[in-house]
Each structure stands twice: as C-alpha cells, then as structure tokens.
Amino acid sequence: MKIFDMLTNEDMKRIKDDRGDSDLTKRIKFLEGKCREAGRAMIELNMKYEANIKELDRLSEENTNLKVMLKGTDGRDPDNNS
C-alpha cells in the first residue's frame, strides 16, 4: 500500500496549505505579470510610433512648403543649389 492511498483529501489540502504556493505556481504568476508588463509596453510604444509617424508627415509637408516658398523668392531650386 502506497502512502498516497492512505492520505485523505483533507490531508492533501493541509499539506498544500502548509507548503504554500508551489514553485510552478509562483513562476506562472511571475510570468503572467511580465506578460502584462510587456503588453503595456507594446501599447505605449505603438502610441509613440503613431505619434512619430504623424510628426514625420507634418515635418515633411512643412519642408515641401518651405522649398516651394524658397523656390518662388529667387527662382532657384533649393535642392539643386545651382
């Protein structure tokens, strides 16, 4: 007869409660926390990326407008330097 056959459910619960969370359970909780943290970081980085794309578009348009204005003032193409 094995020792596990003699233990009751109450004994198993008491043993588990005495030991606390197993290492595997602690590891799972740790990894779940890290996963949530990574998810938040990804969302934040995506928001920064979208903001940078909008800023790049704005600056590109501003650069184009400035080139058109400079070309109109002296007849030269600012990109060509001739």
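In the numbering used here, the protein residues as written are 1409 to 1490. Quick reminder that beta carbons are idealized off the backbone N, C-alpha and C, glycines included.
### Query
Among the residues of its own chain, which have a CB less than 8 Å from the CB of glutamate 1418, if the five just before and after it don't count?
Along the sequence shown, read from residue 1 onward, the residue named residue 1418 stands at position 10. The answer is none, since no qualifying residue turns up.
### Query
By how many angstroms is the C-alpha of serine 1468 removed from the C-alpha of leucine 1478?
Your numbering for residue 1478 matches position 70 in the sequence shown. Your numbering for residue 1468 matches position 60 in the sequence shown. Distance between the alpha carbons of leucine 1478 and serine 1468: 15 Å.
#### Entry: Local conformation of threonine 1416 per DSSP, three classes
Looking up residue 1416 in the sequence shown gives position 8. Threonine 1416: coil per DSSP, three-state reduction.
### Task
Give the straight-line distance between the Cα atoms of methionine 1455 and glutamate 1463, rounded to the nearest whole angstrom.
As a working mapping, residue 1455 is identified with position 47 in the sequence shown. As a working mapping, residue 1463 is identified with position 55 in the sequence shown. Straight across, the Cα-Cα distance linking methionine 1455 with glutamate 1463 is about 12 Å.
### Query
In angstroms, rounded to a whole number, what distance separates the CA positions of arginine 1466 and serine 1430?
Walking along the sequence shown from the start, residue 1466 turns up at place 58. Walking along the sequence shown from the start, residue 1430 turns up at place 22. Approximately 54 Å, taken between the alpha carbons.
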